[in-house]
Amino acid sequence: MNHEMPLEKAIEIYKVLDIECVLIEGYKKIQYPRVLLCRNQNDSDFIIKSSEPVAIISEKQLKDGSSFPHFLRTEEDKWLKFLMDYIVSQLNEERAYHETV
Numbered sequence: 481m482n483h484e485m486p487l488e489k490a491i492e493i494y495k496v497l498d499i500e501c502v503l504i505e506g507y508k509k510i511q512y513p514r515v516l517l518c519r520n521q522n523d524s525d526f527i528i529k530s531s532e533p534v535a536i537i538s539e540k541q542l543k544d545g546s547s548f549p550h551f552l553r554t555e556e557d558k559w560l561k562f563l564m565d566y567i568v569s570q571l572n573e574e575r576a577y578h579e580t581v
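All residue numbers in the sequence shown are consecutive under my numbering, ending with 581.
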């Protein structure tokens with residue numbers, strides 16, 4: 481393609497291809513569940529303004545007062561397990577919903 485595809489259009493194509501999970505980097509203003517990658521305490525404003533946060537991953541422990549799961553970047557085994565569990569649970573919920581509809 482000679483131009484960037486709008487995100488919503490790309491997501492619709494992935495749905496047709498029956499892809500179960502799409503990881504998107506950037507797009508801070510989109511309304512999808514997100515993992516916040518924070519560099520330092522200065523990113524706390526980003527946490528407050530974020531929609532649908534799932535977890536926070538940062539270099540150092542943050543004092544943001546949020547109730548979301550928080551992982552240090554070095555705790556890769558923990559946050560990877562959390563994210564995989566989250567993705568699987570969301571897929572299971574979606575499948576159960578479609579079976580009842």
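Positions of the beta carbon are idealized from the N, C-alpha and C atoms, including for glycine.
Linking residue 533 to residue 505 through their CA atoms gives a straight-line distance of about 14 angstroms.
For residue 501, the closest C-alpha among the options 580, 487, 510 and 570 is that of 570. Runs of the alpha helix (DSSP H) spanning 4 or more residues and lying entirely within the region 523-564 occur at 524-529, in chain order. Residue pairing by DSSP places residue 575 in no beta bridge whatsoever.
In the displayed model, residue 516 falls within a strand according to three-state DSSP. Residue 572 and residue 542 have their C-alpha atoms some 32 angstroms from each other.
A direct Cα-to-Cα measurement between residue 555 and residue 536 gives close to 12 angstroms. Sequence-distant partners of residue 530 (beyond 5 residues in either direction) whose C-beta falls short of 7 angstroms from its own C-beta, in its chain, are 514 and 516.
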